[in-house]
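Worksheet for the structure shown next.
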Amino acid sequence: MTASDKDTVDLDMNALDALFAQATNDVGAQPSEAFMTRVVTDALAQQPMPQIAPPSLWAQIAAMVGGWQGMGGLIAATCAGFWIGINPPEGLPTQFETFLGSETSISLLEDGVADTGMFGFGWDMEEG
Numbered sequence: 108m109t110a111s112d113k114d115t116v117d118l119d120m121n122a123l124d125a126l127f128a129q130a131t132n133d134v135g136a137q138p139s140e141a142f143m144t145r146v147v148t149d150a151l152a153q154q155p156m157p158q159i160a161p162p163s164l165w166a167q168i169a170a171m172v173g174g175w176q177g178m179g180g181l182i183a184a185t186c187a188g189f190w191i192g193i194n195p196p197e198g199l200p201t202q203f204e205t206f207l208g209s210e211t212s213i214s215l216l217e218d219g220v221a222d223t224g225m226f227g228f229g230w231d232m233e234e235g
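Okay, so the sequence shown: first residue is 108 according to our numbering, each after it adds one.
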């Protein structure tokens, strides 16, 4: 590159900088407020508006019980209650019967089993 080429490039850069400075300071280059208002109005008219659908029944129920965490707790409690209803623990029926006022008697020894001598209960009564 020769010295004259370098001077030409510097001159072109200086001229370009002057053009940029003039364009930045030029007030006429700015769009008018009326034009910008029309552009924004047209842009908003072209955008699709979101359609808000009403929440489903399940979403409303889930919101009433505390979201999906509440629904999870209700489902767990329902499963536990269903399982206890089908296969109750051994002590549970007698507690419910006591609470309801009905009693159940369970005979551990059938009639005649004590006479066979299989169990030690009642041996002292048999001896004379």
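Where a beta carbon is used, it is the ideal one built from N, C-alpha and C, also for glycine. Nothing here was measured: the structure is a model prediction, and the numbers come from that model.
Check	Outcome
Span of the alpha helix (DSSP H) around I159	Element bounds for I159: n/a, residue is neither H nor E.
Three-state class that DSSP yields for E140 in the structure shown	helix
Alpha-carbon to alpha-carbon, P196 and A221	Unreliable placement is indicated for A221, whose pLDDT of 49 sits below 50; no coordinate value is reported for it.
Three-state secondary structure (DSSP) of N194	coil
C-beta atoms of P161 and A170 nearer than 9 Å	no
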